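Mapping the sequence shown onto the working numbering, position 211 (from 1) lands on 216, and the numbers just tick up by one.
Each residue gets a CB set at the ideal place from its N, CA and C atoms; glycine is no exception.
Only a predicted model underlies this, so the values are computations on that prediction, with no experimental measurement involved.
Quick notes on the structure that follows.
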Amino acid sequence: MSLFRWIAGSRVRLAIAALIGIAACVFLAAPAAEFIRYSSTSIVQNLFVRLGFAFLILTTATLLAVLVGDLVFPGRWRERIILGRNVAPTAPDDSLEAVKGLKSYYIHFSFMIAAFCVVGGVGIHSSTQLFSSRDDTRTTLRGDDVERKLMIITELAGTRTEREVNSALEILDTVWRDERQPTEVRRASLVALGELLDYLVQAVETWRTEGKRESWQGDIVLELRQAFADDLRRFQPGAPASLRPVVTFLLGAVQDVRANELILNELVAYPDDASDAWRAAIGALGAAHQADLLPAVVDRLDAGRSDTAYAILAWATQELVKSFYRAYGEPEKAPEALKEAVERAVAFFGAELLAESPERRCIAAELLRFTGHVAARDPLFAAFDAPGAKDIFCGTAKADVPAGNPGWIGTGDESLRARIVQAIATIARDDAKVGEWIRSRLAAGGLEETVEALLQQLAEQR
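Structure, rendered in structure tokens:
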């Protein structure tokens, strides 16, 4: 006699077996999920654990279906269909009860098994995430295939829904802390965290410009600032050389005021603008979006910098100037040190409008668009008429940072003159010199179509 037939031979044994199956499902689900999530190093192991649990659910569902069928189906159904016994009918052969007593009820029985399987599977997964594909990701990241790990980390950096972002942050946070991981994997996980942070911060800024003060992205940023930032601050001073620049940048990206001193100290400790540490610190200041950090960036503006260092400085200045105007609105309301920093930035990029490098002229014009400072007026006028200005076209300048998405200066292809006009447009509308200059340029003619259209629009507004 098979074990199943022996159990099915008694309603009491069926009930006991079903209860044991339910208890096994309830009490073994969490340990099985934790094994897959935190210990397993093989997808094959995960597969066998899940298949075993699926078999347990199916067995329990079958026992429950037999028990329920025994209670609700007529004609001693369990004995006839499950045990295969010959059971004499208890009603006259021509009665409706006799007909019902001869039916197998296989469709009903199958439906009950399926229903119990679905209820059990959904209940277990919702409480333990036993069948989550994210746990297979964790398993792979504990394995030895570095190339596969790096591929997964790149995929995690591209997640954008609330549930996926939370899961990705948790996984990446585990990886960078794991000293058993290869350095390149830990570094990649930190870079991916930076990309996710950049997405979250940009999303929060977008919502704010639309008047929405609360968002799930903002909630996550606050959580990271409260917990993740503390661990980064403790880790940064003793971090391996290959990880330290990335950690420094993330300290800025998480926008934790308590990390400012660490970032500024990094600039002092690594003054070489060719070093990753210096570039990470400048990038961190820009990513922090705290106006008080503007003087530290402006102090390091230098036309003699390499193109890479120049772009990072320009991007950091752009981000902090934006933060300055968001925080104070009018420069007159700001502390003296910050007003002076803005004036020095305007003076520097005003001079750069006449630089030999077309790329630097374009960067300077873009930066001055964010200031609206009257001191930029005359340099912009001069740059508009400078030799070769009408032949220069500007693209989007890229500032490579150690972690996260690159910083960008400019929004697309346009002529240098068009960019200059747009910078002039930010200067106060009641500025008489600007109005006079616009009218004189329109009267002189010989302008490109786009530039003339922009000047006409400005003339109508003033």
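Query                                                                                                               : Result
Whole-angstrom distance between valine 77 and glutamate 184, CA atom to CA atom                                     : 59 angstroms
For isoleucine 157 and serine 328, the rounded distance between their alpha carbons                                 : 35 angstroms
Limits of the unbroken alpha helix (DSSP H) element including alanine 28                                            : 16–43
Cβ-Cβ distance between alanine 381 and glycine 355 below 8 angstroms                                                : yes
Close Cβ partners of alanine 34 (< 8 angstroms) along its chain, the five nearest in sequence each way excluded     : Phe58, Ile129, Ser132, Thr133 and Leu135
Secondary structure of glutamate 266, DSSP reduced to three states                                                  : helix
Cβ distance (whole Å) where alanine 208 is taken to contact glutamine 222 below 8 angstroms                         : 4 angstroms
Test item: CB-CB of leucine 471 and leucine 72 under 8 angstroms                                                    : Because the chain is modelled from 6 through 467, residue 471 falls outside the range shown and cannot be assessed.
Sequence-distant residues of its chain with Cβ nearer than 8 angstroms to leucine 372 (five each side left out)     : Ala319, Thr322, Gln323, Val326, Ala350, Phe354 and Ile414
Lysine 154, DSSP secondary structure in three states                                                                : helix
N- and C-terminal bounds of the alpha helix (DSSP H) containing isoleucine 12                                       : 8–13
contact_flag[the stretch 266–275, the stretch 228–236] where n(CB pairs < 8 angstroms) is 3 or more                 : no
Sequence-distant residues of its chain with Cβ nearer than 7 angstroms to serine 247 (five each side left out)      : Thr188 and Arg192
Check whether arginine 310 and aspartate 278 have beta carbons under 8 angstroms apart                              : yes
Close Cβ partners of isoleucine 425 (< 7 angstroms) along its chain, the five nearest in sequence each way excluded : Ala370, Leu385, Ala388 and Phe389
Isoleucine 429, DSSP secondary structure in three states                                                            : helix
Backbone secondary structure at alanine 402 - three-state DSSP                                                      : strand
Where isoleucine 112 falls: helix, strand or coil (DSSP)                                                            : helix
Cβ contact (3+ pairs, closer than 8 angstroms) linking the stretch 115–125 and the stretch 141–158                  : no
6 angstroms CB neighbourhood of alanine 316 in its chain, flanking five on each side removed                        : Ala402 and Ala404
Beta-carbon proximity check, proline 250 vs proline 407, cutoff 8 angstroms                                         : yes
Helix, strand or coil at glutamate 361 [DSSP, three-state]                                                          : coil
Beta-carbon spacing of serine 172, tryptophan 181 below 8 angstroms                                                 : no
Alanine 13 vs arginine 83 beta-carbon contact at 8 angstroms                                                        : yes
Cβ-Cβ distance between alanine 162 and glutamate 200 below 8 angstroms                                              : yes
Inter-residue CB distance, tyrosine 204 and arginine 168 (contact presumed, cutoff 8 angstroms)                     : Not a contact, Cβ separation roughly 15 angstroms.
Candidates Leu229, Glu457 and Val252, of which the one nearest phenylalanine 240 by Cα                              : Val252
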